[in-house]
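Encoded as C-alpha cells, the structure appears first; notes follow it.
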Ligand code: TXE
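In our numbering, the protein residues as written are 101 to 581.
Right, here's the structure in full:
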C-alpha cells in the first residue's frame, strides 16, 4: 500500500519516526494507504522551514505571491477529477458532490485570496498641521492551520490560502481521517513553484501533531476548524501564550418553516440542508421547526422524499447519501439515534445500517433519519450529532420558535422559510447565530463573514476578514512640524 508523505521545506518526506498508521476507505471499511504518524520532531522541522522562508515570502511583492497562488488554483482545476475521486474515497461523500462542490471550492479559495491581496488598501488619518497617521497591515509570521474531515480540501485550503496570500508561512495539519487530498495538494504546490518552506503539511493525529503546532512558541497564530471540545483544548494551550486564534466549531442549527412558506421549495431545500454530505456539515439544519398549521403536510412530504434518498456507493451517480466518514463516527451517530428514542422520540424513517453487496459490505452506511416527538431541550436537540439525523417538531408562535432556536449552546447558522418580508428580517435579527439563510440554504458568497457565536466559535473566516485575521495592523504617526 502507498504511504502518504509530509511536505516540509519544499520536499515530500517520511516522518522522522518512520512510523505510519492505516488510512481507512469508509466506503469499504478497508485500509487503502498509510498515514505518517508524525510527532513534535516533524513539527519542529516544519516550523524551522517556515521561519526560514518567511523573510523572502513576506517581502515578495503581492503580485508575485498572487501569481503563484493563482497557479495552484489552476492546477487544482486541472486535476479536478483526480482530486474529487481521492476526496470521495477518503471521506465517503458522493463523487458528484466532490466534483461539484469540494474541489471547485478549493480552487476558488486560492483564486479568491490570490486576487484579493491585489486590491487591498489601508487608511491614513491626517491631524491638520500636526501629523499624518497611516496604517500598515503586516503578515504575522508562521501560521498554524488545523482542519477537519468533513470538507477536507475545501476547509484546508480556506485557511491556507488567506494565510499565504497575506504573506505568512504555514504549518498545516489536515485531519488524519481524510489526509489524501492535502497530500495531493503538496505536489501541486511544488509544481506551481511555491518556494520551499512557505507551506508545510505535517500528517498525523491531533495530540501528536495538532498539539505541538498549538503549543509551538514559533507559531503565533492558530486557525482551527473542528469540534467544540477540541477548540476548547486548543484555547487552553494557546490563550496563555497570547496567540491569535480563529476557531470554527460545532453547530446545532435551527431550520424554521412558517406556514406561509413556498412549500415545494422548503421541502426540496430542507432535504439538502438536512442530509447534504451525509449531514456532516456544521451548517446543516438539524432541528426542523414547522408552524403547526403546516406541520403534518410538511412532515409527510418531507419523510416521503427522505425515504427515497439512495444510500450507498459514493461513486454511483444516483447516490445521495454516501458512507459515514469513520466507524467511530457511525457509532456516535447511532448512539444519538438510540438516545433520541430513550428521550421519547419516534423514528419516522431511517436509522438503519445498509450493507451493500461485494467490497462495500463492510462500509459505513446509514439510512437518513427523521425523529419527531422530542422535547425541545432534550440532549438529542441540544448536542451536535453531525450525521444524517434531523429532529422535527411543530411551533405555534414566532416568540416560541425563537426561544427553541436560541436555546442551544451553539450559534452558527439558521434557516428561515417565510414569504413575509417583515417577519423574515425580524426573525433574522433575533436569531443568535453568525449566519441566517432566508428561503435558501448554503448560498455562499466568499466575500461574506463566516462564523458563529457562543460555542460555535471565535472570530470570522472568509472574505477580507480572513486576510485581516492573518495580519497585524500598525499605526505610524509622522509629525509635520
Ligand atoms: O474533530 P476534531 P473531528 C464536530 C463534529 C464531530 C466532532 C469531532 O461534531 O463529531 O467535531 O470531529 C485535530 N490539538 N465537527 O474528530 O477532533 C484533528 O486531528 C490540536 C465540526 O473531526 O476537532 C483534526 O485535524 N489539534 C466541524 C482537527 O483537529 C487537534 C467539522 C479536527 O478534529 C487536537 C468537523 C488537539 N488536542 C467536526 N485534537 C465544523 N465546525 O465544521 C484533534 N485535533
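Built from N, CA and C at the ideal position, the CB exists for glycine as well.
Distances from the CA of residue 270 to each of 430, 260, 232 were compared; the closest alpha carbon is that of 260. In this structure, residue 154 lies near residue 241, with their beta-carbon atoms less than 8 Å apart. Taken through DSSP and simplified to helix, strand or coil, residue 230 comes out as coil.
With respect to residue 491, residue 387 sits close: the two C-beta atoms are nearer than 8 Å. A residue is called buried when at least 16 other Cβ atoms come within 10 angstroms of its Cβ; residue 227 does not meet this threshold and is exposed.
When beta bridges are read from the DSSP output, residue 348 appears opposite 325, 557. When the Cα atoms are used, residue 482 and residue 353 turn out to be separated by approximately 10 Å.
When the Cα atoms are used, residue 131 and residue 125 turn out to be separated by approximately 6 Å.
Per DSSP, the continuous beta strand (DSSP E) segment holding residue 113 begins and ends at 111-113. For residue 122, the uninterrupted beta strand (DSSP E) run begins and ends at 120-125, by DSSP. Beta-bridge partners assigned by DSSP to residue 299: 270.
Ligand 1 has no heavy atom closer than 7 Å to the beta-carbon of residue 505. Relative to residue 501, the option among 489, 509, 487, 516 whose CA is nearest is 516.
The alpha helix (DSSP H) runs of length 4 or more contained entirely in the stretch 347-391 are, from start to end of the chain, 363-375.
Scanning 304, 171, 343 for the CA closest to the CA of residue 291 turns up 171. For residue 101, the number of other beta carbons within 10 angstroms of its own is below 16, and it is reported as exposed. Collapsing the DSSP output to three states places residue 493 in a strand. For residue 248 and residue 229, the gap between their C-alpha atoms comes out near 53 Å. The stretch 539-555 makes contact with the stretch 366-382: 3 or more CB pairs, one atom from each, lie closer than 8 Å. Taken in chain order, the whole alpha helix (DSSP H) runs of length 4 or more contained in the stretch 506-545 are 521-530. DSSP, read as helix, strand or coil, puts residue 134 in strand. Between residue 316 and residue 106, the CB-CB gap reaches or exceeds 8 Å. For residue 578, no alpha helix (DSSP H) segment is defined; the enclosing uninterrupted segment is the beta strand (DSSP E) at 571-579.
Between the stretch 516-527 and the stretch 466-477, the count of C-beta pairs closer than 8 Å stays below three; the two stretches do not touch. With contacts defined by Cβ atoms closer than 8 Å, residue 275 and residue 312 do not form a contacting pair.
In this structure, ligand 1 has no non-hydrogen atom nearer than 7 Å to the beta-carbon of residue 488. Looking only at 532, 455, 480, 359, the smallest Cα-Cα distance to residue 127 is reached by 455. Taking residue 579 as the centre and dropping the five residues before and after it, the same chain places the C-beta of 230, 231 closer than 8 Å to its C-beta, in chain order. Between the stretch 545-554 and the stretch 503-520, the count of C-beta pairs closer than 8 Å reaches three or more; the two stretches touch.
Straight-line measurement puts the Cα of residue 237 at about 7 Å from the Cα of residue 222.
For residue 250, the distance from the CB to the nearest heavy atom of ligand 1 is below 7 Å.
Note: residue 106 is bridge-paired with 113 in the DSSP secondary-structure output.
Of the residues assessed, residue 342 falls on the exposed side of the cut-off, its CB having fewer than 16 other CB atoms within 10 angstroms. Of the candidates 558, 109, 436, 558 places its Cα closest to the Cα of residue 334.
Taking 7 Å as the cut-off, the C-beta of residue 352 does not count as close to any heavy atom of ligand 1. DSSP places residue 170 outside any beta strand (DSSP E); the residue lies instead in the alpha helix (DSSP H), whose first and last residues are 162-178.
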